[in-house]
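Residues 61 to 586, numbered by our numbering, are exactly what the sequence shown covers, in order.
Structure first, commentary second.
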Amino acid sequence: MDDTTPRPSDAHPRIAIIGAGVSGLALGVKLLRAGIGDFDIFEADSRLGGTWWQNQYPGAAVDVHSALYQFSFANHHWRRTHGLQHELLDYLENTAKRFGVDKHIRLNTTVESVHWDECHHLWRVCTADDEYTYSIVVAATGFLNDPNLPTWPGLSDFKGVKFHTSQWRPDTVDVTGKRVAVVGVGSTSVQIVPAIQPLAEQVLVFQREPGWVLSKGARDFSDEEFEKYRSPLRRKLTRWKMAIGAEWQFVTGPVYVAGNRRNRQAEQAARDYINTVFKDRPDLREALTPNYPFSGKRRVLSDDYYESLLNDNVKLIPRAVTRVTEAGPVDADGTEYPVDVLVIATGFKASAYLSRVGVFGIDGQDIQKAWGHGAFALAGMTVPGFPNFYIMYGPGTNGAGQVSVNSLAENQSTWIIKDIRRMERHGYTAIETRGSVTDLYNRWLQKRLERTAWAKASNYMKGPSGKIVTQFHGGITLYWLLLQVLRPLGSFGRRLGDRRKSASSPAAASGPISLEHARQHEVLPD
Ligand code: NAP
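Written as structure tokens, this is what we have:
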């Protein structure tokens with residue numbers, strides 16, 4: 061019998077999932093399909109959808125093709141090549157309803173901390189008002205939701221309207237006829253600038269360092285194409301074809317490896333794009349050409365950002381903001397720019413995994429302390445010293461396959477369900493991660509990451525020590541293979557009452573680890 065097929069059992073471990081975004085919903089569907097219904101999804105927001113509920117700024121859309129940016133079990137008939145925010149939100153809400161996951165979601169319920177209880181092999185899950193117990197906790201909180209808020213002197217003195225892009229709500233901000241400053245030029249900013257340019261009196265775009273930009277190729281499907289994709293089978297085939305195409309680059313060399321053929325070609329295409337759009341603007345050509353290899357920062361895809369910069373009411377200011385006055389931002393040259401609205405498009409604290417939920421494992425160990433020099437996990441999912449605790453889309457998994465977060469979430473859900481089966485089959489009450497295997501795995505990943513363009517640029521992928529903590533290097537096929545090997549090799553089960561192996565015993569290297577042991581073996585930082 062396959063490990064994920066339902067079994068007649070009324071003794072499933074109870075599962076708490078934190079977050080009702082793409083990952084949490086994928087796991088919810090997979091659990092229900094495996095016959096496991098004893099789970100709750102805690103969602104801090106008032107609606108499900110994660111990123112696609114939180115980010116409602118003008119122009120918000122995905123830059124992965126619709127055929128790929130969806131679950132394999134909910135094959136949607138899309139209207140466009142790249143879904144818009146409200147379409148993606150609808151898709152997630154409909155999927156949750158269709159599979160009955162919505163009934164498991166507790167909205168407006170923030171999990172503040174989770175604590176492992178070694179005496180009972182349970183997690184205590186604490187919200188503001190209550191405490192619950194579960195056997196398993198899954199953090200499906202994503203990594204792009206804790207705003208990277210700037211600390212510019214004087215920011216609080218600004219008299220106009222200011223907000224981070226994730227706080228933009230369509231009904232609360234109207235930029236019509238306003239002078240707007242947008243600080244930052246990442247994937248979010250390049251969607252906002254073209255969307256507000258026709259409305260605003262003036263748009264000032266503050267750029268510290270440019271990104272490499274390629275055209276996205278987003279458009280509505282023609283009526284003919286839309287009809288063609290009415291067939292679910294055709295949609296499935298398209299998805300497979302695109303996934304195989306996306307995976308092929310990992311055979312011949314992914315675009316993010318600095319200096320390889322694909323990387324050089326992409327960089328040339330991005331240079332050509334700049335030279336074409338700004339053929340009469342040498343100032344913008346210079347300001348918009350990065351001086352680091354292509355893919356050094358997350359590549360930016362847009363069909364209209366560059367063009368929007370040519371409008372008379374848009375001005376690129378290729379300098380950092382150094383402070384803010386009552387009137388507006390002041391750039392590195394000391395020039396003040398009076399504006400009505402200040403849009404803080406400065407991204408998220410991507411490398412600060414689980415920054416908004418306290419996670420305390422064996423002996424009350426704080427996961428943030430364990431991660432002192434940068435988050436890590438086995439296959440990005442489990443951490444030594446934190447039994448029955450899983451992270452979806454965790455450290456070192458971003459970009460796995462570059463296919464989509466949906467396929468990543470489905471694969472990670474299968475790992476969790478297999479562990480649940482293992483617990484049921486053997487009567488385990490705790491599944492622990494081996495420090496030795498986690499260490500080996502992360503050394504291997506770090507070695508691979510050294511060759512990437514990510515290592516050669518300043519970006520959000522690096523932790524406090526400069527180590528890349530968010531990225532995987534490889535395709536979804538490689539990631540899938542690793543999951544098959546690492547789950548059995550890298551973890552073991554315990555029953556309540558079993559004596560934990562001592563960290564100093566000879567077996568410790570392959571058994572559970574204590575902080576001391578972990579430090580000795582460089583699994584955990586001092
Ligand atoms: P981002 O990519 O991290 O870009 C942040 C921008 O703000 C950068 O230009 C950065 O400059 C600038 N910045 C940061 N701190 C600053 C400061 N103190 N002063 C001035 N500038 C500052 O953030 P994002 O654009 O919000 O995108 C975040 C991620 O969300 C993306 O990379 C992507 O993964 C995801 N996203 C995806 C889509 C999609 O279509 N799928 C759309 C939007 C976002 P430096 O580069 O100089 O640091």
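A virtual CB, placed ideally from N, CA and C, is assigned to each residue, including glycine.
Predicted, not measured: the structure shown is a model, and the values here were computed from it.
| query | Where does Asn115 fall in DSSP's three states? | reply | Within the sequence shown, the letter at position 55 stands for residue 115. Note: Asn115 maps to coil in three-state DSSP.
What separation, rounded to the nearest whole angstrom, lies between the Cα atoms of Gln145 and Gly487?
In the sequence shown, counting from the first residue as 1, residue 145 sits at position 85. In the sequence shown, counting from the first residue as 1, residue 487 sits at position 427. Roughly 44 Å between the two C-alpha positions.
Which listed residue (Val403, Val243 and Thr349) has its alpha carbon closest to that of Ile377
Taking the sequence shown and counting its residues from 1, one reaches residue 377 at position 317. When only C-alpha atoms are compared, the closest one is Val243.
Rounded straight-line distance, which links the Cα of Ala134 to that of Thr155 = Reading the sequence shown from its first residue, position 95 is the one you call residue 155. Reading the sequence shown from its first residue, position 74 is the one you call residue 134. The alpha-carbon atoms of Thr155 and Ala134 are separated by roughly 7 Å.
Taking CB distances under 9 Å as the criterion, tell me whether Thr193 reaches chain C.
In the structure shown, chain C does not exist; there is a single protein chain.
Exercise. Quick one, are the C-beta atoms of Gln278 and Leu264 less than 9 Å apart?
Worked result: Start at 1 with the first residue of the sequence shown, and residue 278 comes out as number 218. Start at 1 with the first residue of the sequence shown, and residue 264 comes out as number 204. First, the residue type needs correcting, since residue 278 is Ala and not Gln in the sequence shown. Taking 9 Å as the Cβ cut-off, Ala278 and Leu264 do not qualify as a contacting pair.
request  = Compute the Euclidean distance between the alpha carbons of Ser54 and Gly434, then round it to the nearest angstrom.
outcome  = No information on residue 54 is available, as it lies outside the stretch 61 to 586 that the chain covers here.
Check each candidate in Gly81, Ala94 and Asp123 and name the one with the smallest Cα separation from Ser106.
-> As a position in the sequence shown, residue 106 is number 46, starting the count at 1. Of the listed residues, the one whose Cα sits closest to Ser106 is Gly81.
> So what does Glu261 bridge to, in DSSP terms?
Replying inline: Along the sequence shown, one-based indexing puts residue 261 at 201. None; Glu261 has no bridge partner.
- Item | Ile75 and Leu91 closer than 9 Å at C-beta | By one-based count along the sequence shown, residue 75 stands at place 15. By one-based count along the sequence shown, residue 91 stands at place 31. For Ile75 and Leu91, yes; Cβs fall inside 9 Å.
*Would the beta-carbon of Tyr520 be found less than 8 Å away from any heavy atom of the ligand NAP?*
Taking the sequence shown and counting its residues from 1, the one referred to as residue 520 is at position 460. At least one heavy atom of the ligand NAP is nearer than 8 Å to the Cβ of Tyr520, so yes.
Notebook entry, point to check: How many angstroms separate the CA atom of Ile422 from the CA atom of Lys375?
Noted result: Here residue 422 corresponds to residue number 362 of the sequence shown, with the count starting at 1. Here residue 375 corresponds to residue number 315 of the sequence shown, with the count starting at 1. Cα to Cα, Ile422 sits roughly 54 Å from Lys375.
Q | Start-to-end residues for the beta strand (DSSP E) that takes in Trp183 | A | As a working mapping, residue 183 is identified with position 123 in the sequence shown. Note, Trp183: beta strand (DSSP E), Leu182 to Thr187.
Using only the alpha-carbon positions, how far apart do Arg268 and Thr498 sit? Working through the sequence shown from its first residue, we reach residue 268 at position 208. Working through the sequence shown from its first residue, we reach residue 498 at position 438. Rounded to whole angstroms, Arg268 to Thr498 spans 37 Å at the Cα level.
task: Would you kindly work out how many angstroms separate the C-alpha atoms of Pro213 and Tyr397, rounded to a whole number?
output: Locating residue 213 in the sequence shown gives position 153, counting from the first residue. Locating residue 397 in the sequence shown gives position 337, counting from the first residue. Using only the alpha carbons, I get a separation of about 15 Å.
Check your understanding: With which residues is Ala490 paired in a DSSP beta bridge?
Key -> Walking along the sequence shown from the start, residue 490 turns up at place 430. Ala490 is bridged to Arg554.
(request) Measure the C-alpha to C-alpha separation of Ser216 and Trp183 and round it to an integer number of angstroms. (result) Taking the first residue of the sequence shown as position 1, residue 216 is located at position 156. Taking the first residue of the sequence shown as position 1, residue 183 is located at position 123. Ser216 and Trp183: Cα-Cα distance of roughly 40 Å.
* How would you call Trp308, buried or exposed, if buried means at least 16 neighbouring beta carbons within 10 angstroms? -> Residue mapping note: residue 308 aligns to position 248 of the sequence shown, counting from 1. So Trp308 counts as exposed.
Check: Whose CA, out of Ser83, Met483, Leu108 and His136, lies closest to the CA of Arg290?
Finding: Position 230 of the sequence shown, counting from 1, holds the residue named residue 290. Nearest of Ser83, Met483, Leu108 and His136 to Arg290, Cα basis: His136.
Considering only C-alpha positions, which residue in the set Trp514, Ile96, Phe102 and Lys478 is nearest to Gln544? Mapped onto the sequence shown, residue 544 falls at position 484. For the residues Trp514, Ile96, Phe102 and Lys478, the minimum Cα distance to Gln544 belongs to Lys478.
query = Is any heavy atom in the ligand NAP found nearer than 8 Å to the beta carbon of Leu149?
reply = By one-based count along the sequence shown, residue 149 stands at place 89. Because no heavy atom of the ligand NAP lies under 8 Å away, the Cβ of Leu149 does not count as near it: no.
* To do: Have a look at Thr232 and Asp150 and give me their C-alpha separation to the nearest angstrom.
  => For this step, residue 232 is matched to residue 172 along the sequence shown. For this step, residue 150 is matched to residue 90 along the sequence shown. Distance between the alpha carbons of Thr232 and Asp150 is about 21 Å.
Check Val417 in the structure and name its three-state DSSP category. As a working note, residue 417 is residue 357 in the sequence shown. Coil.
Which residues mark the beginning and the end of the beta strand (DSSP E) in which Phe449 is found?
Taking the sequence shown and counting its residues from 1, one reaches residue 449 at position 389. From DSSP, the beta strand (DSSP E) with Phe449 extends over Phe449 to Ile451.
*When we look at the beta-carbon of Lys276 and count the other beta-carbons within 10 Å, is it buried (16 or more) or exposed?*
Translated into positions along the sequence shown, residue 276 becomes position 216. Its Cβ being crowded by 16 or more others within 10 Å, Lys276 is buried.
For this session: Compare the Cα-Cα distances from Asn121 to each of Ser83, Val360, Ala200 and Arg299 and report the closest residue.
Result: As a working note, residue 121 is residue 61 in the sequence shown. Per the sequence shown, residue 121 should be read as Ala rather than Asn. That would be Val360, whose Cα lies nearest to the Cα of Ala121.
ask   = Per DSSP, what kind of secondary structure is Val245 in: helix, strand or coil?
value = Working through the sequence shown from its first residue, we reach residue 245 at position 185. It is coil, neither helix nor strand.
>> Classify Glu287: buried if its beta carbon has 16 or more other beta carbons within 10 angstroms, exposed otherwise.
In response: Taking the first residue of the sequence shown as 1, we reach residue 287 at position 227. By the 10 Å Cβ count, Glu287 comes out exposed.
Compare the Cα-Cα distances from Leu297 to each of Ser132, Asp391 and Ala380 and report the closest residue.
Taking the first residue of the sequence shown as 1, we reach residue 297 at position 237. Comparing Cα-Cα distances from Leu297 to each of Ser132, Asp391 and Ala380, the minimum goes to Ser132.
Inset, instruction - Can you have a look at His72 and say buried or exposed, based on whether 16 or more other CB atoms are within 10 angstroms of its CB? - result: Here the question's residue 72 lines up with position 12 in the sequence shown. With 16 or more Cβ atoms within 10 Å of its Cβ, His72 is classed as buried.
- If you draw a straight line from the C-alpha of Val171 to the C-alpha of Tyr117, how long is it? To locate residue 171, count along the sequence shown from 1; it is residue 111. To locate residue 117, count along the sequence shown from 1; it is residue 57. Answer to the nearest angstrom: the Cα atoms are 26 Å apart.
In terms of alpha-carbon separation, which member of Arg503, Phe266 and Gln506 lies closest to Val403? Residue 403 sits at position 343 when you count from the first residue of the sequence shown. Measuring from the Cα of Val403, the nearest candidate turns out to be Phe266.
Below 8 Å, is the gap between the Cβ of Ser247 and the nearest heavy atom of the ligand NAP?
Counting from one through the sequence shown, the residue named residue 247 turns up at place 187. At least one heavy atom of the ligand NAP is nearer than 8 Å to the Cβ of Ser247, so yes.
**Asked** Any chance the CB of Ala127 is under 8 Å from a heavy atom of the ligand NAP?
**Response** Indexing the sequence shown from 1 puts residue 127 at position 67. Outside the cutoff, so no.
Around the Cβ of Gln328, are there at least 16 other Cβ atoms within 10 angstroms (buried) or fewer (exposed)? On the sequence shown, position 268 is the one that residue 328 refers to. Exposed.
ask   = Which value, in whole angstroms, describes the spacing of the CA atoms of Val221 and Trp113?
value = The residue you call residue 221 lines up with position 161 of the sequence shown. The residue you call residue 113 lines up with position 53 of the sequence shown. Their backbone Cα atoms lie some 22 Å apart in a straight line.
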